[in-house]
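In the order they appear, the protein sequences are chains A and B.
The C-terminal position of the first sequence is numbered 632 in the numbering used here, with every residue numbered one higher than the one before it.
The C-terminal position of the second sequence is numbered 106 in the numbering used here, with every residue numbered one higher than the one before it.
Don't be surprised by glycine CBs; every beta carbon is placed ideally from N, CA and C.
To start, the structure under review is shown below, and the notes come after it.
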Amino acid sequence: MTDLTELGVAAIRDGVAKGDFTAVEVAEAFNANVAAAQTALNAFIVATPELAVEAARATDARRAAGQPLGKMGGVPIGMKDLFATKGVQTTAASHILEGFTPEYESTVSQKLWDAGAGMLGKLNLDQFAMGSSNETSYFGNVISPWRRSDGGNAALAPGGSSGGSSTAVAARLAPAATGTDTGGSIRQPAAFTGISGIKPTYGRCSRWGIVAFASSLDQAGPMARDVRDCAIMLEAMAGYDPKDATSLNLPVPEWEAGLSADMKGKKVGIPREYRMDGMDADVAASWDRGIEWLKDAGAEIVEISLPHTKYALPAYYIIAPAEASSNLARYDGVRYGLRDLPDGAGLQDMYAATRAAGFGAEVKRRILIGTYVLSAGFYDAYYTQAQKVRTLISHDFKNAFTQCDVILAPTAPTAAFGLGEKTDDPLSMYLNDVFAVPASLAGLPAMSVPAGLNREGLPLGLQIVGKPFDEQGVLNAGLAIESRAQFSAKPDKWW
Amino acid sequence: MSVDTATVAKIAALARIKVSEAELEAMVPELNGILAWVEQLGEVDVTGIEPMTAVIENHLRLRDDVIDADPLTGGGVRDKVLANAPAREDGFFGVPKVIE
Chain A
138 MTDLTELGVA
148 AIRDGVAKGD
158 FTAVEVAEAF
168 NANVAAAQTA
178 LNAFIVATPE
188 LAVEAARATD
198 ARRAAGQPLG
208 KMGGVPIGMK
218 DLFATKGVQT
228 TAASHILEGF
238 TPEYESTVSQ
248 KLWDAGAGML
258 GKLNLDQFAM
268 GSSNETSYFG
278 NVISPWRRSD
288 GGNAALAPGG
298 SSGGSSTAVA
308 ARLAPAATGT
318 DTGGSIRQPA
328 AFTGISGIKP
338 TYGRCSRWGI
348 VAFASSLDQA
358 GPMARDVRDC
368 AIMLEAMAGY
378 DPKDATSLNL
388 PVPEWEAGLS
398 ADMKGKKVGI
408 PREYRMDGMD
418 ADVAASWDRG
428 IEWLKDAGAE
438 IVEISLPHTK
448 YALPAYYIIA
458 PAEASSNLAR
468 YDGVRYGLRD
478 LPDGAGLQDM
488 YAATRAAGFG
498 AEVKRRILIG
508 TYVLSAGFYD
518 AYYTQAQKVR
528 TLISHDFKNA
538 FTQCDVILAP
548 TAPTAAFGLG
558 EKTDDPLSMY
568 LNDVFAVPAS
578 LAGLPAMSVP
588 AGLNREGLPL
598 GLQIVGKPFD
608 EQGVLNAGLA
618 IESRAQFSAK
628 PDKWW
Chain B
7 MSVDTATVAK
17 IAALARIKVS
27 EAELEAMVPE
37 LNGILAWVEQ
47 LGEVDVTGIE
57 PMTAVIENHL
67 RLRDDVIDAD
77 PLTGGGVRDK
87 VLANAPARED
97 GFFGVPKVIE
């Protein structure tokens with residue numbers, strides 16, 4: 138029999154439906170991989186093998202009874218530990234939420250269970266999704282399954298903040314996983330680990346029950362091995378939710394059925410501002426290959442300009458911390474999570490002690506920046522200015538989309554870096570999201586697909602950004618690249 | 007603009023995060039590095055530009071004016087609300103004494 142853990146979402150769904158194997162066999166195969174990799178990769182904060190098997194049993198029973206199995210029927214997945222899961226600890230990889238066991242289920246995770254998926258466990262991430270390397274988790278670093286081909290065996294970053302998700306999918310611990318993307322947290326880790334991931338249009342997936350970081354930017358999305366699997370899972374995750382004030386009241390398109398790698402009649406924009414001085418040669422070459430692939434698929438290539446590109450990151454690092462400082466005010470040691478009550482302390486001292494003990498260094502840094510830029514006397518100079526620049530960045534995209542249907546760019550400026558290489562300098566870490574953040578600020582659908590390996594044998598991703606609501610155009614361009622890149626590399630198993 | 011130790015101490019107090027003297031000393035250059043970098047936004051001409059309020063056009067709606075319209079977010083679930091509280095007493099959250 139084939140190794141079931143080599144199968145993706147579509148293959149598992151179809152194989153279970155046909156009776157080639159049972160959902161329980163699939164769940165048990167992935168449960169075994171999760172358990173075997175935990176010490177070396179640290180991808181999960183909590184494993185829930187019993188829940189994966191329970192959901193699989195239900196799928197097998199439905200099949201025996203001749204009932205429909207759902208879009209994700211029989212597919213076990215990893216759940217980023219930012220989604221509230223009823224009865225299963227939900228921490229956002231923080232100490233302050235350690236032990237928090239929600240009494241409710243997030244909308245997106247509930248939709249996935251309703252579609253027949255089962256949960257392998259809660260995936261590690263950067264604390265409160267703040268980071269680009271999964272080095273800010275209270276529960277330890279996630280290690281990428283990839284290693285450089287130089288034989289040095291240096292531990293590499295799986296990207297962040299969805300680093301547990303990217304590692305789990307790349308290492309065959311899960312056929313797919315949920316991610317969330319605030320400023321690149323789905324796309325950059327997908328690029329670092331040779332998998333696919335899509336952030337849909339802001340509002341497609343409900344934010345209800347997702348631990349909030351920056352609410353005007355946060356969007357959930359799938360991370361999986363290929364474009365088709367992403368399309369299937371996004372269909373299951375998306376949809377209107379009255380409990381989220383910014384949820385889009387639109388029907389969910391049938392993205393899988395609409396997949397086509399034919400780009401005839403489509404225009405692909407190449408933003409000149411993204412070709413930066415000193416760009417990594419392998420990344421530039423990969424981008425050029427992507428252009429040729431889309432030409433080969435029938436697309437016309439047009440040069441476009443996104444003039445405010447260089448201001449996207451600084452605007453993001455005002456807006457996101459500002460929203461975070463407000464969102465994270467709820468962690469006060471009163472209603473849930475950690476409480477640190479020093480002897481004789483009053484309420485205010487308890488708040489300050491709890492938050493000092495419960496938040497990691499990067500989270501504190503961002504809360505302080507956010508508090509500063511929102512404080513009296515500085516609000517207009519920082520926050521209002523950043524929101525105006527955000528409007529200009531959004532205008533840039535609107536103008537560009539009068540000349541093209543989708544935009545092609547690298548996902549990240551480099552391949553995966555080593556753990557510890559950027560932790561001493563927050564700015565150098567932030568710069569890793571330079572290509573990912575503009576689409577986030579404009580709320581646009583954007584995806585990363587694997588495009589090849591660099592000279593060190595590490596994956597590089599290409600990013601496609603689309604018009605609002607045009608996930609289909611993004612997925613189709615992704616498929617056109619995927620079918621030409623023929624990316625089949627996977628990490629050698631060392632764990 | 008740059009911040010000094012006193013300013014960072016004030017921000018930390020506003021954010022209700024206790025920081026030691028040593029942490030303050032370390033944070034000042036870090037925050038100044040980030041603030042100096044975001045300062046470049048000042049060079050963008052934003053004349054006549056409205057600050058972004060909604061990234062994707064959407065209209066704010068009102069829910070039906072019905073009690074417990076959605077049982078998930080409705081009332082009558084005191085025990086669930088209190089279930090994760092670090093301290094609770096007689097159906098309330100427990101906190102240190104706040105009134106002398």
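**Asked** Quick one: what's got a C-beta closer than 7 Å to B/Arg94's C-beta in the same chain, skipping five residues either side?
**Response** Your numbering for residue 94 of chain B matches position 88 in the second sequence. Apart from the 5 residues on each side of it in sequence, B/Arg94 sits with its Cβ closer than 7 Å to the Cβ of Leu88, Gly100 in its chain, given in chain order.
Straight-line Cα distance separating B/Asn90 from A/Gly610: Counting from one through the first sequence, the residue named residue 610 of chain A turns up at place 473. Counting from one through the second sequence, the residue named residue 90 of chain B turns up at place 84. Spanning the two alpha carbons is a distance of roughly 44 Å.
*Which whole runs of the alpha helix (DSSP H) in the region 511 to 550 of chain A are 4 residues long or more, in chain order?*
522 to 537
### Task
Check the C-beta distance from A/Asn613 over to A/Ser397 and give it rounded, since I have them as a contact under 8 Å.
The count along the first sequence starts at 1 and reaches residue 613 of chain A at position 476. The count along the first sequence starts at 1 and reaches residue 397 of chain A at position 260. Going by Cβ atoms, the distance from A/Asn613 to A/Ser397 rounds to 5 Å, so yes, they are a contact pair.
Need the endpoints of the alpha helix (DSSP H) that A/Ser299 sits in, please.
For the purposes of this step, residue 299 of chain A is taken as the residue at position 162 of the first sequence. Note, A/Ser299: premise wrong, no alpha helix (DSSP H); not H, not E.
Rounded to a whole number of angstroms, what is the C-alpha to C-alpha distance between A/Thr238 and B/Ala21?
As a first step, residue 238 of chain A is located in the first sequence; it is residue number 101 there, counting from the start. As a first step, residue 21 of chain B is located in the second sequence; it is residue number 15 there, counting from the start. So the alpha carbons of these two residues sit roughly 26 Å apart.
Query raised in the report: According to DSSP, is A/Leu595 helix, strand or coil?
Result: Along the first sequence, one-based indexing puts residue 595 of chain A at 458. Looking at A/Leu595 - three-state DSSP - the assignment turns out to be coil, as it is neither helix nor strand.
Short CB-CB distance (under 9 Å) between A/Ser442 and chain E: In the structure shown, chain E does not exist; the protein chains are A and B.
*Range covered by the beta strand (DSSP E) that runs through A/Leu260*: Numbered from 1 along the first sequence, position 123 holds the residue referred to as residue 260 of chain A. Unbroken beta strand (DSSP E) run through A/Leu260: 255 to 260.
Give me the chain A residues within the contact set of B/Asp76, using Cβ-Cβ distance strictly less than 8 Å, ordered along the chain. Walking along the second sequence from the start, residue 76 of chain B turns up at place 70. What B/Asp76 touches in chain A: Pro379, Lys380.
Quick check: A/Thr338 and A/Ile214, are their CB atoms within less than 9 Å of each other?
For the purposes of this step, residue 338 of chain A is identified with residue 201 of the first sequence, where counting begins at 1. For the purposes of this step, residue 214 of chain A is identified with residue 77 of the first sequence, where counting begins at 1. Against a cut-off of 9 Å, the Cβ pair of A/Ile214 and A/Thr338 comes out as no contact.
Whose C-alpha, out of A/Gly507, A/Tyr275, A/Ala202, A/Ala449, is nearest the C-alpha of A/Phe350?
Your numbering for residue 350 of chain A matches position 213 in the first sequence. Measuring from the Cα of A/Phe350, the nearest candidate turns out to be A/Gly507.
* To do: Provide the residue span of the alpha helix (DSSP H) that contains A/Asp366, from first to last.
  => Here the question's residue 366 of chain A lines up with position 229 in the first sequence. Unbroken alpha helix (DSSP H) run through A/Asp366: 364 to 374.
_Among the candidates B/Ile62, B/Leu30, B/Ala42, whose CA atom is the shortest distance from the CA of A/Gln356?_
For the purposes of this step, residue 356 of chain A is identified with residue 219 of the first sequence, where counting begins at 1. Nearest in C-alpha terms to A/Gln356, of all of B/Ile62, B/Leu30, B/Ala42, is B/Ile62.
At a cut of 8 Å, does the region 496 to 507 of chain A reach the region 456 to 473 of chain A through at least three beta carbon pairs? yes
In the DSSP assignment, what residue or residues form a beta bridge with A/Met413?
Translated into positions along the first sequence, residue 413 of chain A becomes position 276. None; A/Met413 has no bridge partner.
key: For A/Gln600, the three-state DSSP class (helix, strand or coil)   = Residue numbering aside, residue 600 of chain A sits at position 463 when the first sequence is read from its first letter. In the structure shown, A/Gln600 sits in a strand (DSSP, three-state: E or B).
- Message: Let me confirm a value: B/His65 is counted as buried when at least 16 other C-beta atoms fall within 10 Å, else exposed. Which label applies?
- Response: On the second sequence, position 59 is the one that residue 65 of chain B refers to. Burial call: exposed.
Worksheet item: So does the region 149 to 161 of chain A actually touch the region 192 to 206 of chain A, counting three or more Cβ pairs closer than 8 Å?
Response: yes
Handout entry: Selection from A/Lys604, A/Thr539, A/Arg492, A/Met370 that minimises the alpha carbon distance to A/Ile149
Key = Within the first sequence, the letter at position 12 stands for residue 149 of chain A. Residue A/Met370 is the option with its Cα nearest to A/Ile149.
> Going along the chain, which residues of the region 20 to 31 of chain B sit with their C-beta nearer than 9 Å to a C-beta in chain A?
Replying inline: Leu20, Ala21, Arg22, Ile23, Lys24, Val25, Ser26, Glu29
**Asked** Hey, out of B/Ser26, B/Met7, B/Asp51, whose CA is closest to A/Ala498's CA?
**Response** Mapped onto the first sequence, residue 498 of chain A falls at position 361. When each option's Cα is compared against that of A/Ala498, the closest is B/Ser26.
- Query: So, does the CB of B/Ala93 fall closer than 9 Å to a CB anywhere in chain A?
  - Reply: Here residue 93 of chain B corresponds to residue number 87 of the second sequence, with the count starting at 1. It does; some Cβ of chain A falls within 9 Å.
inquiry  = Please identify, using Cβ separations under 9 Å, the residues of the region 606 to 622 of chain A that lie next to chain B, in order along the chain.
reply    = Listed in sequence order: Phe606.
### Query
Skipping 5 residues on each side, what residues in its chain have a beta carbon closer than 7 Å to that of A/Asp378?
As a working note, residue 378 of chain A is residue 241 in the first sequence. Excluding positions up to five away in sequence, the list reads Thr244, Ser343, Trp345, Ser384.
What residues match up with A/Gly589 in a beta bridge as DSSP calls it?
-> The count along the first sequence starts at 1 and reaches residue 589 of chain A at position 452. Looking at the DSSP assignment, A/Gly589 forms a beta bridge with A/Leu597.
Near-chain A residues of the region 77 to 91 of chain B (beta-carbon distance less than 7 Å), N- to C-terminal order: Using a CB distance below 7 Å, the part of the region 77 to 91 of chain B facing chain A consists of Leu78, Thr79, Lys86, Ala89, Asn90, Ala91, ordered along the chain.
Per-residue contacts from B/Val34 into chain A (C-beta, under 9 Å): Counting from 1 along the second sequence, the entry for residue 34 of chain B is found at position 28. Against chain A, the beta carbon of B/Val34 has no neighbour under 9 Å; the closest one sits roughly 11 Å away.
Item to complete: With DSSP collapsed to three states, give me the class of B/Met7.
Response: Against the second sequence, residue 7 of chain B aligns to sequence position 1. Residue state, collapsed to three classes: coil.
Notebook entry, point to check: What three-state label does DSSP hand B/Ser26 in the structure shown?
Noted result: The residue you call residue 26 of chain B lines up with position 20 of the second sequence. B/Ser26 falls in the coil class under three-state DSSP.
**Asked** Among A/Leu595, A/Gln204, A/Tyr448, which one has its Cα closest to the Cα of A/Phe572?
**Response** As a working mapping, residue 572 of chain A is identified with position 435 in the first sequence. Nearest C-alpha to A/Phe572: A/Tyr448.
With a 10 Å radius around its C-beta and 16 neighbouring C-beta atoms as the bar for buried, classify A/Thr222 as buried or exposed. Start at 1 with the first residue of the first sequence, and residue 222 of chain A comes out as number 85. Classification of A/Thr222: buried, given that the 10 Å Cβ count is 16 or more.
**Q.** 9 Å Cβ cut-off: residues of chain A touching B/Glu106
**A.** Mapped onto the second sequence, residue 106 of chain B falls at position 100. Within chain A, no C-beta atom comes less than 9 Å from the C-beta of B/Glu106; the nearest is roughly 10 Å away.
Please state the DSSP three-state secondary structure of A/Phe496. Working through the first sequence from its first residue, we reach residue 496 of chain A at position 359. If DSSP states are grouped into helix, strand and coil, A/Phe496 belongs with coil.
Determine, using beta-carbon pairs with one atom in the region 562 to 576 of chain A and one in the region 512 to 527 of chain A, whether at least three such pairs fall under 8 Å. no
Point to revise | 7 Å Cβ cut-off: residues of chain B touching A/Lys501 | key: The count along the first sequence starts at 1 and reaches residue 501 of chain A at position 364. Those are Ile23, listed as they occur along chain B.
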